[in-house]
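Novice: Residue numbers (UniProt numbering): 1 to 230.
Pasting in a structure now, in structure tokens, and then I'll have a few things to ask.
What follows is the structure, encoded as structure tokens:
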């Protein structure tokens with residue numbers, strides 16, 4: 001186990017062992033215990049009472065964070081020539097089709113989100129081995145396969161994120177930066193949590209939200225009270 005630095009020990013001491021914080025307290029504390037010398041990401045981990053191996057308990061969706069992620073999201077729009085101007089006007093960082101398909105085939109994946117059109121998805125199929133493991137494959141459910149390219153690019157740039165429960169039943173998502181006001185971190189977290197509540201599968205029995213943790217890069221996790229959401 002890596003040895004904790006003096007700063008990390010000091011940060012860890014600020015998180016009371018065994019204490020469950022409310023979301024407002026946790027959003028303020030996650031800023032206070034940050035030890036990174038850069039503007040670290042604030043992450044949330046929500047453990048759900050679902051069995052992701054069963055299709056009727058899969059939780060996957062999108063949410064538009066009211067204050068964005070604080071990250072400059074690089075968007076690639078894979079579109080036909082008639083949609084290029086729309087994608088560029090919306091702020092896409094890279095716009096085109098065949099030349100970018102070739103670059104991806106050669107291993108280029110220097111983007112955060114890919115937006116495309118239904119007609120192009122057939123060309124993306126063979127690139128699944130490259131895009132899939134990196135979470136870059138466009139999906140109609142996340143709004144990244146659409147004819148409304150401009151809207152899709154704008155939403156992603158403004159803070160729309162997609163999430164999917166992992167094999168352990170946990171949703172991981174970046175919801176801001178430590179430079180955000182505590183109120184903004186709280187509101188972004190609330191938006192994600194409320195979205196998850198609305199998406200509770202009817203097949204999920206018992207406690208739905210089992211635990212919530214807030215953390216920033218290299219900082220200790222902060223347990224958040226789930227009573228208010230169950």
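Note that beta-carbon positions come from the ideal geometry of N, C-alpha and C, so glycine has one too.
Quantities reported herein were computed from a predicted structural model and do not represent experimental measurements.
(1) To the nearest angstrom, how far is the alpha carbon of residue 1 from that of residue 71?
(2) Excluding sequence positions up to five away, which residues of its chain have a Cβ less than 7 Å from the Cβ of residue 182?
(3) When DSSP labels each residue in this structure, what does residue 215 get in the three-state scheme?
(4) Is residue 75 close to chain E? Criterion is C-beta to C-beta, closer than 8 Å.
(5) Just checking my contact of residue 161 with residue 117 at CB under 8 Å: how many whole Å lie between their CB atoms?
(6) Measure from the alpha carbon of residue 22 to the alpha carbon of each residue in 219, 189, 91 and 165, then state which is nearest.
(7) How far does the alpha helix (DSSP H) with residue 129 in it reach, from first residue to last?
(8) Between the region 39-46 and the region 194-212, can you find at least three pairs of beta-carbon atoms closer than 8 Å?
(9) Quick one, which of 204, 74 and 216 has its alpha-carbon nearest residue 185's?
Specialist: According to the structure data:
(1) Residue placement at residue 1 is flagged as unreliable, the pLDDT there being 46, under the threshold of 50; a coordinate-derived value is accordingly withheld.
(2) 27, 28 and 31
(3) strand
(4) The chain labelled as chain E is not found in the depicted structure, where only one protein chain is given.
(5) Between residue 117 and residue 161 the Cβ distance is about 21 Å, and since that is not below 8 Å, they are no contact.
(6) 189
(7) 128-131
(8) yes
(9) 216
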